[in-house]
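Reviewing the structure listed below.
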DNA sequence: TAAAACGTTAAATAAATTCTTAACAAAATT
DNA sequence: AATTTTGTTAAGAATTTATTTAACGTTTTA
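Protein chains in written order, with the numbering used here: chain A, 2 to 184; chain B, 2 to 184.
Here it is, written out as structure tokens:
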């Protein structure tokens, strides 16, 4: 509603662009494409937007906006909003970085834990089979034990990562690390 | 020293490959190239290795190994080791995932905080100038204030992220989230 | 019911990245 | 001092990824 009445080169726009640029720059470290990063950074200074408003603002194609918005929704950085009277979908950027942090990293870490733990369990079964196999030579058995133990030890980390995710999701981590502590 | 005396298709190798595959797969979410991810995953089951041993094992070029090792060193997932009597450099994979976690995320988050905080400070200065500027219309001033406040609020997150990095670096986080907690 | 609006999917093009071959620089051994 | 060994840098080829144009399906409104 209360958009700048000035052109794109106003002082306001210039000041915003400094932050938009760096947000987009650091975001591509988060595994999103440049277009997606730019979209979020731009939306950070906007209220709800339609796909057409996005493509006008960024001068990009509509499918690009569509896929970028979907990706941003997946990592909880953009939410769908319901605007009555409009057929067009509207979306709004999550401006609370704590929630973005939670959405992105918890999802990422859960995936990592799940995939690696599954592989570890399977692999450990195989090593046990080798150890039990009467056809295995002593050297092979010793090696299998070594790898089994190495994998067993690594589970500690994945358990910890799971605990970290849980404490972020529940908000318990903020009892340990408060949000409002100043530098 | 105690390498498998079996061929590359032994049961041992097959069991290892399951874990190697998933580690590599989850690692490219960490912003490393496939070659780099494969290298680390393979080294996870090895003692110290030379560049030539790596290229033989992965059947890739030496420069590829060289750049991959450097990248892995940057994120503290591989360390240089000193092997007397050998002119070749030797490297060993960090097998403690807690240390890898620390090396990777702390570096990433510090970069994010630094870059974004710098941009925010600059941008806020600009908004103050606009607010103080007698040529600014009331609407523009109101808008500038809105963005200034939005940025001010976001600083809370960056301070928190800085605290998180500090508590990981110091190990204090393990008082809150112990390493050995089982599921 | 037909036409228009909207969003998504599919195929094609453009761009960027990754990996390799080749040339180079530094160090060590003969 | 010359030659070999080792690692890195630079340039080029190839693969992959990102974005666009075009076609499609669905919903809405006239």
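Beta carbons: idealized from backbone N, C-alpha and C, even for Gly.
No experiment lies behind these values; they were computed from the predicted model shown.
Who are the near neighbours of residue 6 of chain B in its chain, counting only those whose CB is closer than 8 angstroms to its CB and skipping five residues on each side?
Reliability fails at residue 6 of chain B, whose pLDDT of 48 lies under 50, so the model's placement of it is uncertain and the value that follows must be treated cautiously. Cβ within range, chain order: n/a, list empty.
Quick check on DSSP: helix, strand or coil for residue 94 of chain A?
Residue state, collapsed to three classes: strand.
Tell me the residue span of the beta strand (DSSP E) that contains residue 80 of chain A.
Where residue 80 of chain A is concerned, the enclosing beta strand (DSSP E) stretches over 79–82.
For a contact meaning CB atoms closer than 7 angstroms, what does residue 157 of chain A contact in chain B?
By Cβ distance, chain B contributes 180, 181.
Pick out whichever of A/64, A/126, A/163 has its Cα sitting closest to the Cα of residue 113 of chain A.
Minimum Cα distance to residue 113 of chain A is reached at A/163.
Alpha carbon to alpha carbon, what distance is there between residue 103 of chain B and residue 171 of chain B?
Rounded to the nearest angstrom, the two C-alpha atoms are 10 angstroms apart.
What does DSSP give as the partner residue(s) for residue 55 of chain B in the beta ladder?
BP columns for residue 55 of chain B are empty, so no partner.
Can you find a C-beta in chain B that's less than 8 angstroms from the C-beta of residue 105 of chain A?
Answer no: the Cβ-Cβ gap between residue 105 of chain A and chain B never drops below 8 angstroms.
Compile a chain-ordered list of the residues in the region 162–175 of chain A whose CB is closer than 8 angstroms to at least one CB of chain B.
Answer in chain order: 162, 163, 164, 165, 168, 174.
Return the Cβ separation of residue 69 of chain B and residue 36 of chain B in integer angstroms, given the expectation that the two are a contact with Cβ distance under 8 angstroms.
Right, the Cβ-Cβ distance comes to about 5 angstroms (below 8 angstroms), so this counts as a contact.
What's the C-alpha gap between residue 154 of chain B and residue 108 of chain B?
Going from the Cα of residue 154 of chain B to the Cα of residue 108 of chain B covers about 24 angstroms.
Taking the alpha helix (DSSP H) that residue 179 of chain B belongs to, which residues open and close that run?
First-last for residue 179 of chain B: undefined, no H or E at that position.
Would you report the Cα separation of residue 146 of chain A and residue 101 of chain A, rounded to the nearest angstrom?
Distance between the alpha carbons of residue 146 of chain A and residue 101 of chain A: 42 angstroms.
What residues from chain A crowd round residue 148 of chain B, counting only those whose CB sits closer than 9 angstroms?
Within 9 angstroms Cβ-Cβ: 13, 16, 17, 20, 46.
Give a yes or no on whether the C-beta atoms belonging to residue 127 of chain B and residue 15 of chain A are separated by under 8 angstroms.
Taking 8 angstroms as the Cβ cut-off, residue 127 of chain B and residue 15 of chain A qualify as a contacting pair.
Measuring alpha carbon to alpha carbon, tell me which of B/34, B/144, B/123 ends up nearest residue 73 of chain B.
Residue 73 of chain B has its Cα closest to that of B/34, out of B/34, B/144, B/123.
Counting pairs of Cβ atoms below 8 angstroms between the region 41–54 of chain B and the region 84–99 of chain B, do you hit three or more?
Segments in contact, yes.
So residue 117 of chain A and residue 24 of chain B are supposed to be a Cβ contact under 8 angstroms. How far apart are they, rounded?
Sure, about 7 angstroms apart at Cβ, within 8 angstroms.
Can you tell me the Cα-Cα spacing of residue 2 of chain B and residue 167 of chain A, whole angstroms?
Bear in mind that the predicted position of residue 2 of chain B carries a pLDDT of just 40, short of 50, making it unreliable; the figure below should be weighed with that in mind. Distance between the alpha carbons of residue 2 of chain B and residue 167 of chain A is about 41 angstroms.
What residues of chain A sit near residue 27 of chain B, judged by a beta carbon separation below 8 angstroms?
Neighbours of residue 27 of chain B on chain A, chain order: 112, 113, 116, 117.
Is the shortest distance between the beta-carbon of residue 96 of chain B and the beta-carbons of chain A less than 8 angstroms?
So yes, residue 96 of chain B belongs to the interface.
Excluding sequence positions up to five away, which residues of its chain have a Cβ less than 8 angstroms from the Cβ of residue 28 of chain A?
37, 38, 41, 42, listed in sequence order.
Which word fits residue 144 of chain A, buried or exposed, when buried means at least 16 other C-beta atoms lie within 10 angstroms of its C-beta?
Result: buried.
Bridge partners for residue 50 of chain A per DSSP, in chain order?
BP columns for residue 50 of chain A point to A/92.
Can you give me, in chain order, the residues of the region 68–84 of chain B that have a beta carbon less than 8 angstroms from any beta carbon in chain A?
Cβ contacts with chain A come from no residue of the region 68–84 of chain B.
Near residue 17 of chain A, which residues of its chain fall below 8 angstroms by C-beta distance, leaving aside the five closest residues on each side in sequence?
46, listed in sequence order.
Determine the DSSP secondary structure at residue 173 of chain B, reduced to helix, strand or coil.
Coil, per DSSP.
Helix, strand or coil for residue 134 of chain B per DSSP?
Residue 134 of chain B falls in the coil class under three-state DSSP.
Relative to the alpha-carbon of residue 79 of chain B, which residue among B/49, B/149, B/59, B/64 has its alpha-carbon at the smallest distance?
Among B/49, B/149, B/59, B/64, the Cα nearest to that of residue 79 of chain B belongs to B/49.
Which of the three DSSP states is assigned to residue 85 of chain B in this structure?
Note: residue 85 of chain B maps to coil in three-state DSSP.
Please classify residue 136 of chain B: is it buried, with 16 or more other beta-carbons within 10 angstroms of its beta-carbon, or exposed?
Flag for residue 136 of chain B reads exposed.
DSSP three-state label for residue 198 of chain A, please.
Residue numbering for chain A in the displayed model covers 2 to 184; residue 198 of chain A lies beyond these limits and cannot be assessed.
When the Cα atoms are used, what is the spatial distance from residue 160 of chain A to residue 30 of chain B?
If I take the Cα positions, the gap works out to 20 angstroms.
I need the boundaries of the alpha helix (DSSP H) containing residue 37 of chain B, first residue and last residue.
It spans 35–44 - the alpha helix (DSSP H) in which residue 37 of chain B sits, taken as one unbroken run.
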